[in-house]
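Converting from the sequence shown to my numbering requires adding 57 to each position, the first position being numbered 1. Each residue gets a CB set at the ideal place from its N, CA and C atoms; glycine is no exception. Below is one structure; the comments refer to it alone.
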Amino acid sequence: MNISIVTVGKLKEKYLKLGIEEYTKRLSSYSKIEIIEVPDEKAPEILSEAEMLQVKKKEGERILAKVPTDAHVIALAIEGKQKSSEELADTIDKLGTYGKSKVTFIIGGSLGLSDEVLKRADDKLSFSKMTFPHQLMRLILVEQVYRAFRIMRGEPYHK
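Structure follows, in structure tokens:
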């Protein structure tokens with residue numbers, strides 16, 4: 058299986074980089090994984106509704122340009138379905154079983170995802186009703202994908 062994570066913005070925090078590197082290294086024995094960063098749209102701190110939509114639209118265009126046409130797309134969105142680790146493992150397992158060898162997860166910028174990206178998504182996944190920094194979501198997502206492969210293989214994992 059080929060897993061890609063398309064995400065907005067550069068990761069600057071060293072502790073997050075180290076955690077992501079650790080989990081991508083662990084994941085490499087189960088799957089090919091690639092993290093694709095697209096630039097975030099520069100914008101002032103306070104935006105009108107129209108300006109927010111414009112920022113999300115521009116970031117969305119950059120995201121969609123990196124999504125393979127034959128990929129199963131899972132967008133991380135607060136309005137998405139919440140799943141347990143076992144349910145996520147089951148989802149990934151079923152995708153592989155039914156011939157979807159390319160899975161692309163999408164993490165939006167600080168304003169979220171554009172309607173165009175959400176329409177392209179085959180599934181929407183929420184990790185919580187809480188809001189997390191999108192940089193931290195990278196680490197959480199990579200850890201959960203790693204955990205999913207451990208569950209799928211019947212290997213022990215921390216509960």
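The DSSP assignment places 142-154 as complete runs of the alpha helix (DSSP H) inside the stretch 114-167, in order along the chain (cut-off: 4 residues). Ile-164 is the residue among Leu-145, Ile-164, Arg-210, Tyr-203 whose C-alpha sits nearest the C-alpha of Lys-123.
Between Val-65 and Ile-103, the CB-CB gap reaches or exceeds 8 Å. Here Ser-61 is bridged, per DSSP, to Glu-91, Thr-161.
With a threshold of 16 other beta carbon atoms within 10 Å, Ala-107 falls short and is exposed. Comparing C-alpha distances from Val-174 to each of Lys-89, His-129, Met-58 shows the shortest one belongs to His-129.
Contact check for Arg-195 against Leu-75 fails: the beta carbons are separated by 8 Å or more. Boundaries of the alpha helix (DSSP H) around Leu-73: 71-84. Burial is judged here by how many other beta carbons sit within 10 angstroms of a residue's own beta carbon; Gly-166 has at least 16 and is buried. Taking the CA atoms as reference points, Pro-125 sits about 11 Å from Ile-60. Put simply, of Leu-133, Pro-101, Ile-131, Val-95 the residue whose alpha carbon is nearest the alpha carbon of Lys-115 is Val-95. In this structure the stretch 76-87 lies against the stretch 190-210, because at least three pairs of beta carbons, one per stretch, are closer than 8 Å. Taken through DSSP and simplified to helix, strand or coil, Asp-172 comes out as helix.
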